[in-house]
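Those sequence lines, one after another, are chains A and B. To convert, note that position 86 of the first sequence is 86 in full-length UniProt numbering; the numbers rise steadily by one, no gaps. To convert, note that position 143 of the second sequence is 143 in full-length UniProt numbering; the numbers rise steadily by one, no gaps. No residue lacks a Cβ here, since even glycine has one placed at the ideal position from N, Cα and C.
There are 2 protein chains.
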Amino acid sequence: MKKDKSEKVNNTENFSPEVFKKIQQARKLQPRTEELISSILSGDVGALSRAITLIESNNPNHFANAKALINVCLSHTKQSIRIGITGVPGVGKSTFIEAFGKHLTRQGKKVAVLTIDPSSSISHGSILGDKTRMEELAKDSNAYVRPSASGETLGGVARKTRETITLCEAAGFDIIIIETVGVGQSEIAVHSMVDFFLLLQIAGAGDELQGIKRGIMEMADAVVINKADGDNVAKAIVAKTELSRALHLFPPKKSEWTPTVSTCSAKTQEGITEIEQIIVNYIETTKNNGYFDRKRAEQNEYWLLETINNQLKEDFFNHPEIRDLLEKTKKAVQNNESSPFAAAQLLLETYFKNKP
Amino acid sequence: MKKDKSEKVNNTENFSPEVFKKIQQARKLQPRTEELISSILSGDVGALSRAITLIESNNPNHFANAKALINVCLSHTKQSIRIGITGVPGVGKSTFIEAFGKHLTRQGKKVAVLTIDPSSSISHGSILGDKTRMEELAKDSNAYVRPSASGETLGGVARKTRETITLCEAAGFDIIIIETVGVGQSEIAVHSMVDFFLLLQIAGAGDELQGIKRGIMEMADAVVINKADGDNVAKAIVAKTELSRALHLFPPKKSEWTPTVSTCSAKTQEGITEIEQIIVNYIETTKNNGYFDRKRAEQNEYWLLETINNQLKEDFFNHPEIRDLLEKTKKAVQNNESSPFAAAQLLLETYFKNKP
Numbered sequence: 001m002k003k004d005k006s007e008k009v010n011n012t013e014n015f016s017p018e019v020f021k022k023i024q025q026a027r028k029l030q031p032r033t034e035e036l037i038s039s040i041l042s043g044d045v046g047a048l049s050r051a052i053t054l055i056e057s058n059n060p061n062h063f064a065n066a067k068a069l070i071n072v073c074l075s076h077t078k079q080s081i082r083i084g085i086t087g088v089p090g091v092g093k094s095t096f097i098e099a100f101g102k103h104l105t106r107q108g109k110k111v112a113v114l115t116i117d118p119s120s121s122i123s124h125g126s127i128l129g130d131k132t133r134m135e136e137l138a139k140d141s142n143a144y145v146r147p148s149a150s151g152e153t154l155g156g157v158a159r160k161t162r163e164t165i166t167l168c169e170a171a172g173f174d175i176i177i178i179e180t181v182g183v184g185q186s187e188i189a190v191h192s193m194v195d196f197f198l199l200l201q202i203a204g205a206g207d208e209l210q211g212i213k214r215g216i217m218e219m220a221d222a223v224v225i226n227k228a229d230g231d232n233v234a235k236a237i238v239a240k241t242e243l244s245r246a247l248h249l250f251p252p253k254k255s256e257w258t259p260t261v262s263t264c265s266a267k268t269q270e271g272i273t274e275i276e277q278i279i280v281n282y283i284e285t286t287k288n289n290g291y292f293d294r295k296r297a298e299q300n301e302y303w304l305l306e307t308i309n310n311q312l313k314e315d316f317f318n319h320p321e322i323r324d325l326l327e328k329t330k331k332a333v334q335n336n337e338s339s340p341f342a343a344a345q346l347l348l349e350t351y352f353k354n355k356p
Numbered sequence: 001m002k003k004d005k006s007e008k009v010n011n012t013e014n015f016s017p018e019v020f021k022k023i024q025q026a027r028k029l030q031p032r033t034e035e036l037i038s039s040i041l042s043g044d045v046g047a048l049s050r051a052i053t054l055i056e057s058n059n060p061n062h063f064a065n066a067k068a069l070i071n072v073c074l075s076h077t078k079q080s081i082r083i084g085i086t087g088v089p090g091v092g093k094s095t096f097i098e099a100f101g102k103h104l105t106r107q108g109k110k111v112a113v114l115t116i117d118p119s120s121s122i123s124h125g126s127i128l129g130d131k132t133r134m135e136e137l138a139k140d141s142n143a144y145v146r147p148s149a150s151g152e153t154l155g156g157v158a159r160k161t162r163e164t165i166t167l168c169e170a171a172g173f174d175i176i177i178i179e180t181v182g183v184g185q186s187e188i189a190v191h192s193m194v195d196f197f198l199l200l201q202i203a204g205a206g207d208e209l210q211g212i213k214r215g216i217m218e219m220a221d222a223v224v225i226n227k228a229d230g231d232n233v234a235k236a237i238v239a240k241t242e243l244s245r246a247l248h249l250f251p252p253k254k255s256e257w258t259p260t261v262s263t264c265s266a267k268t269q270e271g272i273t274e275i276e277q278i279i280v281n282y283i284e285t286t287k288n289n290g291y292f293d294r295k296r297a298e299q300n301e302y303w304l305l306e307t308i309n310n311q312l313k314e315d316f317f318n319h320p321e322i323r324d325l326l327e328k329t330k331k332a333v334q335n336n337e338s339s340p341f342a343a344a345q346l347l348l349e350t351y352f353k354n355k356p
């Protein structure tokens with residue numbers, strides 16, 4: 001927060017805080033940003049890439065333009081379908097997405113693929129960040145593949161991915177696929193920004209190996225057993241039965257949708273059409289019962305509150321007086337010299353006393 | 001926060017913020033508080049009750065005394081064993097705790113039973129708050145039974161329960177049992193304040209009925225199948241095998257402890273001695289490998305950070321300017337008129353600009 005404020009002083013192209021007045025904002029935009037917006041709206045993928053780079057920028061001089069860009073694009077988005085896809089490494093996420101994406105672009109649909117991978121800052125993108133993995137799709141003129149921003153916390157990646165969805169929608173993409181690796185917290189972030197959540201599995205690898213957390217299973221609107229080809233077909237059918245039984249144990253979903261289990265082969269294309277149909281059915285069901293719009297509204301509110309909570313914490317823990325005091329206080333609390341509640345009170349008093 | 005500060009002005013018996021200097025604090029205490037402390041330390045249950053009432057008080061005039069009381073008691077606590085017990089309504093938590101508690105007091109151990117039940121504010125304590133449920137134990141001179149503070153959020157109940165543990169330990173209790181109903185978030189709060197976490201089940205009720213969330217299973221150090229008497233014995237043995245198999249699928253625990261599954265009957269007392277032995281084994285294992293102390297230190301730190309996060313949010317969302325603006329902003333965000341991130345930024349700027 002404080003960083004933002006001090007930047008403001010030096011930043012003459014700033015906007016009034018009334019984010020709702022988009023017209024005003026648009027008028028104040030730099031000519032280059034205005035140009036960028038009209039290029040995005042015309043579906044120019046190069047402009048889209050530049051815009052994403054702008055919102056990914058950590059340079060505070062770019063923040064105001066990025067914010068305005070997003071708010072203008074928000075009013076121009078066509079309603080896309082947002083699909084989250086997760087699964088542990090080895091289930092064939094990228095080959096699946098390539099096969100599924102090509103299937104959609106062949107019908108003239110525009111498909112964007114984004115990835116959320118906070119681990120890429122450590123692994124340097126080796127798991128998901130590698131754009132060349134989906135070569136066919138990346139070359140497709142109806143597709144756009146963009147890896148995760150790297151060097152970021154999950155919160156940072158999530159914010160940027162959500163804003164990238166808005167830009168892609170403004171650029172006219174019909175289907176936005178968000179890919180994440182099914183470990184850690186990233187699938188929760190993805191779940192909170194998509195309409196449909198697909199869990200990719202393979203047969204016979206065992207629950208443990210696939211790192212299935214019950215939480216992920218519960219989030220899934222569809223479980224797809226990939227690599228159901230050749231010798232694997234029989235195993236895939238057994239796994240399908242088992243997973244159907246397991247899913248049956250969960251309480252009914254608020255969406256009134258019963259999660260499906262199906263098999264597919266990204267290699268032979270078998271089952272890909274059926275998955276498209278499942279998603280079409282889901283969208284129809286949830287649009288009819290009002291869940292689709294309700295969920296989107298809830299997701300927006302979730303991100304509003306999530307952003308506030310994260311920023312409050314960030315401001316607190318980066319406060320110089322707190323930084324100095326925190327380590328000492330933690331030690332006292334760990335050693336039972338002070339109650340955690342009294343210690344928290346002391347830190348909070350220090351913080352609020354020293355706010356500018 | 002602000003409330004606290006303004007109270008301070010009117011409160012002449014205030015303490016220096018240096019919570020670590022307990023001796024100074026003790027000197028400044030009101031005679032009545034000093035008396036209270038020495039009565040607690042001598043094991044006076046009446047004084048203990050009055051002290052708990054003081055820390056449960058929502059009257060800001062009591063805050064400073066309550067804080068000092070806790071910090072003095074912290075330095076006088078003998079190390080007790082803290083046991084969390086959870087299970088859905090109907091598994092027989094109170095009869096189990098009564099049987100188990102009596103088994104311990106018979107050996108001369110002092111047992112305190114506290115409950116965490118944020119729902120009691122709605123149900124008026126019908127689930128857990130009913131002290132008369134453990135009549136035998138409540139009459140026992142070696143036992144102390146105290147229901148949850150009512151009319152509170154989970155955060156409030158959790159803080160008060162944690163401080164009540166400190167008071168009970170200062171009063172010389174050897175075993176502190178914290179009971180909670182296994183629904184919602186309260187079992188997470190309990191898990192973060194106990195050494196040993198016990199999940200109570202009954203045979204044949206089905207996973208769904210018992211509301212077993214994988215998360216609770218993962219937290220358990222022991223699963224006990226209660227009501228294993230009469231016709232239920234066979235079913236309980238089957239359930240034991242199934243649960244052992246299910247627990248086997250979880251990754252090993254940081255404590256290096258393998259969770260046990262056992263059967264018991266609160267009615268016939270069968271299995272109660274074995275459960276005591278399991279807990280003794282657990283404490284021995286985790287004290288030897290250092291986990292016991294490490295976990296307590298981590299729990300203290302957890303509550304420090306948790307308290308800070310909650311108070312930051314509370315201060316933000318109770319800020320008059322934010323309260324006015326929030327509903328309007330939420331609506332704009334839900335209707336896609338503003339990006340959640342831009343809206344959060346606006347609220348945060350308003351908040352920080354208006355801090356006193």
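How big is the Cα-Cα spacing for residue i and residue j?
i              : j          : result
Trp-257(B)     : Ala-222(B) : 10 Å
Asp-324(B)     : Glu-218(B) : 42 Å
Ser-80(B)      : Ile-175(B) : 6 Å
Val-194(A)     : Thr-86(A)  : 12 Å
Asp-188(B)     : Phe-292(B) : In the sequence under discussion, the amino acid at residue 188(B) is Ile, which differs from the Asp named in the question. Their backbone Cα atoms lie some 18 Å apart in a straight line.
Lys-331(B)     : Pro-320(A) : 36 Å
Leu-154(B)     : Val-238(A) : 44 Å
Asn-226(A)     : Leu-247(A) : 17 Å
Ser-262(A)     : Ser-141(A) : 30 Å
Ser-244(B)     : Pro-60(A)  : 55 Å
Thr-307(B)     : Leu-74(B)  : 18 Å
Tyr-351(A)     : Leu-36(A)  : 41 Å
Gln-299(A)     : Ala-138(A) : 29 Å
Lys-78(A)      : Asp-315(A) : 36 Å
Thr-286(B)     : Ser-192(B) : 16 Å
Ala-112(A)     : Arg-146(A) : 8 Å
Ala-158(B)     : Asn-318(B) : 21 Å
residue 391(B) : Glu-34(A)  : The requested residue 391(B) is not part of the displayed model; chain B covers only 1 to 356.
Ser-186(B)     : Asp-229(A) : 46 Å
Leu-54(A)      : Glu-276(A) : 33 Å
Along the chain, where does the beta strand (DSSP E) that runs through residue i open and close?
i          : result
Ala-171(B) : Neither: Ala-171(B) is in no beta strand (DSSP E) and is coded neither H nor E.
Ser-265(B) : Per DSSP, Ser-265(B) belongs to no beta strand (DSSP E) and is neither H nor E.
Thr-86(B)  : 81-87
So if DSSP puts residue i in a beta bridge, which residue, or which two residues, is it bridged to?
i          : result
Gln-201(B) : Ile-225(B)
Ala-342(A) : Answer is none; Ala-342(A) lacks a bridge partner.
Tyr-144(A) : Ala-112(A)
Glu-179(A) : Ile-85(A) and Thr-115(A)
Phe-196(B) : Ile-83(B)
At a CB-CB cut-off below 8 Å, which residues of chain E make contact with residue i?
i         : result
Arg-32(A) : The displayed structure is made up of protein chains A and B, and chain E is not among them.
For the candidate residues the options, whose alpha-carbon lies nearest to that of residue i?
i          : options                                           : result
Asn-337(A) : Asn-61(B), Ser-42(B), Ile-70(B) and Ala-47(B)     : The amino acid occupying residue 337(A) in the given sequence is Glu; Asn does not appear at that position. The shortest Cα separation from Glu-337(A) among Asn-61(B), Ser-42(B), Ile-70(B) and Ala-47(B) belongs to Ile-70(B).
Tyr-302(B) : Lys-313(A), Gln-334(A), Gln-107(A) and Leu-249(A) : Gln-334(A)
Leu-326(A) : Gln-311(A), Gln-345(A) and Ile-308(A)             : Gln-345(A)
Lys-109(A) : Leu-305(A), Ala-203(A) and Glu-169(A)             : Glu-169(A)
Ala-171(A) : Asn-310(A), Ser-38(A), Leu-348(A) and Asn-354(A)  : Ser-38(A)
Ala-143(B) : Lys-295(B), Leu-48(B) and Tyr-282(B)              : Leu-48(B)
If you follow the alpha helix (DSSP H) that residue i is in, where does it begin and where does it stop?
i          : result
Thr-241(B) : 232-248
Ala-220(A) : It is not in any alpha helix (DSSP H) - Ala-220(A) carries neither H nor E in the DSSP assignment.
Val-91(A)  : First-last for Val-91(A): undefined, no H or E at that position.
Thr-286(B) : 272-288
Gly-46(B)  : 45-56
His-191(B) : 186-191
Asn-336(A) : Premise fails: Asn-336(A) is in no alpha helix (DSSP H) and is neither H nor E.
Arg-294(B) : 291-317
Val-72(B)  : 63-74
Lys-139(A) : 135-139
Checklist entry - Below 8 Å, can you find three or more Cβ-Cβ pairs linking the region 341-356 of chain A to the region 54-70 of chain B? => result yes
Checklist entry - Counting Cβ pairs closer than 8 Å, one from the region 84-102 of chain A and one from the region 163-178 of chain A, do we hit at least three? => result yes
Checklist entry - So does the region 264-283 of chain A actually touch the region 91-102 of chain A, counting three or more Cβ pairs closer than 8 Å? => result yes
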